[in-house]
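**Student:**
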Amino acid sequence: MIKAATFKRGVHPEYQKELTSDKPITISSLPSKVVIPLSQHTGAPAKLEANIGDEVKKGQLIGSSTGFVSATVHASISGKVVAIADFPHPSGRMIPSIVIEGDGKDECVSLKENTDYMNLSVDEIRAIIKDAGIVGLGGAAFPTSVKLSPPKEKSIDTVILNGAECEPYLTADHRLMVERPQEIVEGLKIIMKTLGVNRGYIGIEENKPDAIEAMKKAVSSEESIEVCALEVKYPQGAEKMLIKAIKGREVPSKGLPMDVGVVVQNVGTALAIYEAVRFGKPLIERVLTVTGKGVREPRNMMVRIGTLISELAAQCGGFVDGAVKVIVGGPMMGFAQWSLDVPVVKGTSGILVFTEDEYVSSEEYFACIRCGSCIDVCPMGLNPSMLSILSEKGRYEEAKEYNLFDCFECGSCAYVCPSSRPIVQFIRLAKSLVKP
Amino acid sequence: MAEEKKHPLIVSVSPHVKGEETINRIMWSVNLALFPAFIMSIYYFGPKALFVTGLCIVTAVLSEYVFQKGLKKKITINDGSAFLTGLLLGMNLPPSLPFYIPVVGSFVAIIITKQLFGGLGYNIFNPALIGRAFLLISWPKAMTVWSEPTALFVGLDAKTTATPLGILKEEGLGKLIEVFGDKMNLYTQLLMGNRAGSLGETSVIALLIGAAFLLYKRYVTWHIPFSFLATVGVLAWAFGGDNGLFTGDPIIHLLSGGLILGAFFMATDYVTCTSVRKGQIIFGAGCGAITMLIRLKGGYPEGVMFAILLMNCFAPLIDRNIKTNQFGAIKPVR
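The listed protein sequences correspond, in order, to chains A and B. The first sequence: position 347 = 347 (our numbering), numbered continuously. The second sequence: position 39 = 475 (our numbering), numbered continuously.
1. Is DSSP giving A:Pro37 helix, strand or coil here?
2. Taking B:Leu533 as the reference, give the member of B:Phe570, B:Leu565, B:Leu651, B:Phe487 with the closest Cα.
3. Please specify which runs of the beta strand (DSSP E), each continuous and at least 3 residues long, are wholly inside the region 643 to 703 of chain B, giving them in chain order.
4. Quick check on A:Ala399 - is its C-beta less than 8 Å from some C-beta in chain B?
5. Between the alpha carbons of A:Asp259 and B:Thr727, how many angstroms are there, rounded?
6. For a contact defined as C-beta to C-beta under 9 Å, what are the partners of A:Leu382 on chain B?
7. Compare the C-alpha of B:Gly715 against each of B:Ile660, B:Thr596, B:Gly602 and name the closest.
8. Look at the Cβ atom of B:Gly669, then the Cβ atom of B:Leu690, and state whether they are nearer than 8 Å.
9. What three-state label does DSSP hand A:Arg249 in the structure shown?
10. Thinking A:Phe335 and A:Ser391 are a contact (beta carbons under 8 Å), I'd like their distance in whole angstroms, please.
11. Between the region 414 to 433 of chain A and chain B, which residues of the former have a C-beta closer than 9 Å to a C-beta of the latter?
12. Compare the C-beta of A:Met1 with all C-beta atoms of chain B and state if any pair is closer than 8 Å.
13. For B:Tyr655, I'd like the list of residues in its chain whose CB is within less than 7 Å of its CB, leaving aside the five on either flank, ordered along the chain.
14. Is the distance from the Cβ of A:Gly347 to the Cβ of A:Ser76 below 8 Å?
15. Less than 8 Å between CB atoms is the rule here; does B:Arg731 satisfy it with respect to chain A?
16. Could you give the residue range of the alpha helix (DSSP H) that holds B:Ser477?
17. Would you give the residue range spanned by the beta strand (DSSP E) that A:Asn300 belongs to?
18. Considering only DSSP beta bridges, list what A:Gln265 is partnered with.
19. Using C-beta distances below 6 Å, list every residue in its chain close to A:Ser145, excluding the 5 sequence neighbours before and after it, in chain order.
20. Hey, is A:Ser28 close to the ligand COA, as in C-beta under 7 Å from one of its heavy atoms?
21. Got a sec: is the Cβ-Cβ distance from B:Ser663 to anything in chain A below 8 Å?
22. For a test of the three-state rule: what should DSSP assign to B:Gly734, helix, strand or coil?
23. In terms of residues, what are the limits of the beta strand (DSSP E) holding B:Glu637?
24. Name, please, each residue of chain B whose Cβ falls closer than 8 Å to the Cβ of A:Glu18.
25. Mind listing the chain B neighbours of A:Thr385? Cutoff is C-beta to C-beta under 7 Å, in chain order.
26. What residue from A:Ala399, A:Val81, A:Val416, A:Pro24 has the CA that sits closest to A:Asn51's CA?
27. Excluding five sequence neighbours on each side, which residues of the same chain lie with their C-beta closer than 8 Å to the C-beta of A:Ile440?
28. If you draw a straight line from the C-alpha of A:Met1 to the C-alpha of A:Ala214, how long is it?
29. Examine chain B for any beta-carbon lying closer than 8 Å to the beta-carbon of A:Val35, and answer yes or no.
30. How would you label B:Pro530, buried or exposed, when you count the other beta carbons within 10 angstroms and need 16 or more for buried?
31. Could you check whether the Cβ of B:Glu445 sits closer than 8 Å to any Cβ belonging to chain A?
32. Do A:Cys316 and A:Val468 come within 8 Å of each other at the CB atom, strictly closer than that value?
33. What would DSSP say about A:Lys435, mapped onto helix, strand or coil?
34. Would you report the Cα separation of A:Val328 and B:Pro451, rounded to the nearest angstrom?
35. Considering only their Cβ atoms, is the gap separating B:Ala751 from B:Cys709 smaller than 8 Å?
36. If contacts are defined as beta-carbon pairs under 8 Å, then A:Glu156 and A:Val263 qualify, I think. What distance do you get, rounded to the angstrom?
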């Protein structure tokens, strides 16, 4: 057997995916209220396009894009705008948001279908994707239209769909690939057409054999698309690691995938692109995994954007006694929440509820013993030990000599550290105090 | 939610999961890896080995406890590092010593070399080796009296003798082979540890078993031991002979003295070696070169201790200048 593609270094956390990997995606019940932040993406926040008291329909634009790197937002249920104010966001910040109280009718605005979507012009496709408010659904929420509009001097020859889902616990992308492979492939074909590329890959970690099989079947008649089995290793799904594994190309330091002729999109994003281009559907819902030993009935769900976590928790049977931590995203890079009154946003790939058993205290840490474990696992080939020590000592400028800004905060270093040092946090601190 | 009010949620930074390695696990594993050699030291040198090593361990752990208690610091004796320092120091001492010598050595190792610099993670020099160096300077006579190994409990008054490296230095290779009968027997006895020397250094085979365990567990990588041993081997072969270049016997040099103990268990001390793997090759090669310089040209028959201590000085310099292999490094345009 051919060895599965991968990158150098990385870690093998406990995956815990069996909690939900066999659970089909269920549609969550219609939320009574949604909180839709105007900023759910990387880039400029959307401009408010609604007033308190407005009656809105599902799919109606309530926030318009304010620049090249920005994204629109839409009402995800029908109802009445009852508040426009700063509300807690899963990132921990307070973000201007629109609160819609549902009328239970779930009335939708009329959507423009395109049965002959493969014959749309490239500019038309880009416009549809931008208007639909599509952003990367893997977590970083970078506006998709920007990725599909590379500057002329960058020649793109490859599109990679990211189905690695390397974060432990999460199975949303896995289920999407098993249940809706054909639509994902259509999405990929739209992306390839838009970029004028005739080489497409779908990268999937080997621990999802059913997803690999389903996707292989879906591309059996597509000569230009290949499904790649990837070694199960974190952070295999990081863009740079994925490109290295599949194409053997290294994105240069401080560079972007397009610098090596590649555009990467998450499989969920491909599906959203297909639905937008084919059915005119804006990004108003997404699939996510609600899991962890702290939740009674872990599952994969199709959820409206803006649904509060508390409402989802109730739908999953509530929390068990001794649930102590709620994380939005995966356990390696997700954000711990202080309140359950935060909404699901476009980039929310999962909600983890940890019990005391799963919770790891990070309060106490020790001096770096310079064992070098972090160096052995850093996918970016950095020296996290040195970076954490320099940051701890306040020598932030010096940290730049050790390629501080190459770090994308995957957490592999802190995961292996025998001194339990919050290495990622030290690095974030240094990054926030110096200019790149 | 009512539940939420009752149990406030814990908020902390990512990552939210953690691997199982801890300082305690690593340090106790290294202690475990030294166990075969420790048993062999008792086999060859009798109860004295247990006495000297035990004294070192007890003093080391006690010193750390008293220091931390006195300064109201967190007590860290459970992490196994003070125990390890004591064990290593004991294994680096000759068999017959008055009780106060191991005690002073452990005190110097833990208090002066480790705690006064800030404790585990901040010390510049390998504590056990500074302890030993201090003793060698303070009691040069007692520290160089070597007992002949005797099988367990046979002849408690072992005769004093010279170490193989001592004989090699003073009387030459011919004499060394004569003492052991023939060359093959010399190699075998060196491998088994049936020779005069520091308590834990003699049984190469027992040390290698422990080293294999550490390599398997990846607590130690090949970089330092391999470059250390390879450098010693090459230099011994090149310059160690009586008949000109490339006539030396590398095997004798590799199996003698504290080389195996030093290369696998002391030069690899995380805190005082380099952490970038490429730098570790330089570190190990430096240790090897200084060891051979002392063995062949210096005043002492053995140079492993000073070699490691000297390279400890260079570790920060190496770590600063040997960078990791950056992903996506931009190659300079010619």
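Each residue gets a CB set at the ideal place from its N, CA and C atoms; glycine is no exception.
**Tutor:** Well, looking at it:
1. strand
2. B:Phe487
3. none
4. no
5. 49 Å
6. Thr760, Gln762, Phe763
7. B:Ile660
8. yes
9. coil
10. Wrong, their Cβ atoms sit about 21 Å apart, outside the cutoff.
11. Ala414, Tyr415, Val416, Cys417, Pro418, Ser419, Ser420, Pro422, Val424, Gln425, Arg428
12. Bear in mind that the predicted position of A:Met1 carries a pLDDT of just 47, short of 50, making it unreliable; the figure below should be weighed with that in mind. Answer no: the Cβ-Cβ gap between A:Met1 and chain B never drops below 8 Å.
13. Ile462, Ser465, Val466
14. no
15. no
16. 471 to 481
17. 299 to 304
18. A:Leu161
19. Arg126, Ile129, Lys130
20. Ligands displayed in this structure: none; no statement on the ligand COA is therefore possible.
21. no
22. coil
23. Premise fails: B:Glu637 is in no beta strand (DSSP E) and is neither H nor E.
24. Result: empty, since nearest Cβ-Cβ is about 16 Å, beyond 8 Å.
25. Per the sequence shown, residue 385 of chain A should be read as Ser rather than Thr. Here the neighbours are Ser711.
26. A:Val81
27. Shown here, chain A extends from 1 to 436; a query on residue 440 of chain A therefore has no answer.
28. Because A:Met1 carries a pLDDT of 47, less than 50, the predicted location of this residue cannot be relied on, and no value is offered for it.
29. no
30. buried
31. It is Leu, not Glu, that sits at residue 445 of chain B in the sequence shown. It does; some Cβ of chain A falls within 8 Å.
32. In the structure displayed, chain A extends from 1 to 436; residue 468 of chain A sits before or after that span and is not available.
33. coil
34. 12 Å
35. yes
36. Correcting the residue type first, residue 156 of chain A is Ile in the shown sequence and not Glu. Indeed they touch by this definition, with Cβ atoms about 6 Å apart.
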